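>
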Amino acid sequence: MSKRTVLVAGVVVLAFAVLAPACSSPKPSPSSSSSASTGAPQLPAPVGPQMLWGDLKPVVSVKELMRDMLDPEGSRISISFVQRRQPAAPFKASAKQISTRILHAGFVVNDLNVENKFYRRALGFRPYWYGGFKDKDIDWYEIQVPDGGDWIEYMLNIPANADHKELGVQNHFSLGVKDVGVAADQLKKQGLKTFDGPEVGRDGKNSLDAYDPDGTRVEVMEFTPRRTPCCHAYEAAHPSP
């Protein structure tokens, strides 16, 4: 995952700098990843909302927060808090820009419950949506920042020996747009002829996937779903343009 930024608590920004190659909808094919692969780890049964979302209360002191500031799985992720200032002048997007906003960043996670103690308890992220290639599976688990609609996505059930190409699919970031079809046409006009989609994924959202020269997936996604998602209903409001 390359550098991604999501807003947190109104005056801070979570800056994710993942140095490994960067991983929503349309989701990569089951042949590429997911629990459909033989021997991939499964969440314990039964899997219900209480187990997945849990009852994780935010930390109540700076001491607790600082104690938990390292990703529990040892991922190469750094987190910085910086004050957000109002721009001196209104921002004007270039006509060539596909998007002006990063909606989410996704990265490979081995243990959902361990990661939740960090992102949900220490940092206060909130449930958004989860689902999988099959209705009973949990291959994607999304949690929103404390005070907004942006989110991070756990990419689950990825083999420990995943190669560079696979990690490039899983570790990813997503740009938000109002209409993916319009974005696709613009990409073609700007010389990008090859990408996957647009297609409505299991999460109900229309999106396309492009890849940078190093194999990192860049997802272009609409803000709201076009149809009811598989597996589980959304738990929070969708981001707005």
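For any residue, its number in our numbering is found by taking its place in the sequence shown, counting from 1, and adding 31. From the three backbone atoms N, C-alpha and C, an ideal C-beta is built for every residue, glycine too. Quick caveat, the model's predicted, so the values are computed rather than measured.
#1: Over the uninterrupted alpha helix (DSSP H) stretch that includes GLU197, give me the two end residues.
#2: In chain order, which continuous runs of the alpha helix (DSSP H) of length 4 or greater are located wholly inside the segment 150–216?
#3: State the DSSP-derived secondary structure class of LEU134, mapped to helix, strand or coil.
#4: ARG257 by DSSP, collapsed to three states: which one?
#5: Under the three-state reduction of DSSP, which class applies to GLU250: helix, strand or coil?
#6: What number of angstroms, rounded off, separates the C-alpha of ASP245 from the C-alpha of GLY179?
#7: Can the beta-carbon of LYS236 be found closer than 9 Å to that of PRO260?
#8: With DSSP run on the structure shown, which of helix, strand or coil describes LEU239?
#9: Can you tell me where the beta strand (DSSP E) with GLU104 in it begins and where it stops?
#10: Compare the Cα-Cα distances from ALA214 to each of ALA241, LEU198, HIS203 and report the closest residue.
#11: Can you grab the Cα-Cα spacing for the pair ALA7 / ASN141, in whole Å?
#12: For GLU146, which three-state DSSP category applies?
#13: Among the candidates ALA120, ASP181, LYS127, PHE149, whose CA atom is the shortest distance from the CA of ILE133?
#14: How would you write the range of the beta strand (DSSP E) that PRO229 sits in, first residue to last?
#15: Here's the rule: buried if 16 or more other CB atoms are within 10 angstroms of the residue's CB, otherwise exposed. What is PRO158?
#16: Tell me, to the nearest whole angstrom, how far the beta carbon of ILE183 is from that of ALA136; I am working on the premise that it is less than 8 Å.
#17: Who are the near neighbours of PHE226 in its chain, counting only those whose CB is closer than 7 Å to its CB and skipping five residues on each side?
#18: Measuring only the C-alpha atoms, how far is HIS269 from ILE174?
#19: I need the straight-line Cα distance from GLY163 to LEU143, nearest angstrom please.
#20: Please list, in chain order, all residues of the same chain as TYR150 whose beta carbon is under 8 Å from its beta carbon, the five residues on each side excluded.
#21: Between ASP166 and the rest of its own chain, which residues show a CB-CB distance below 8 Å, the 5 nearest in sequence each way excluded?
#22: From PRO121 to GLY207, what does the alpha carbon distance come to, in whole angstroms?
On the basis of the data shown:
#1: 195–201
#2: 195–201
#3: strand
#4: coil
#5: strand
#6: 31 Å
#7: yes
#8: strand
#9: That residue, GLU104, is in no beta strand (DSSP E); it is neither H nor E in DSSP.
#10: ALA241
#11: Residue 7 is absent from the model: the chain starts at 32 and stops at 272.
#12: helix
#13: ASP181
#14: 227–231
#15: buried
#16: 6 Å
#17: LEU218, LEU239, ASP240, ALA241
#18: 12 Å
#19: 14 Å
#20: PHE156, ILE174, ILE183
#21: CYS261, CYS262
#22: 19 Å
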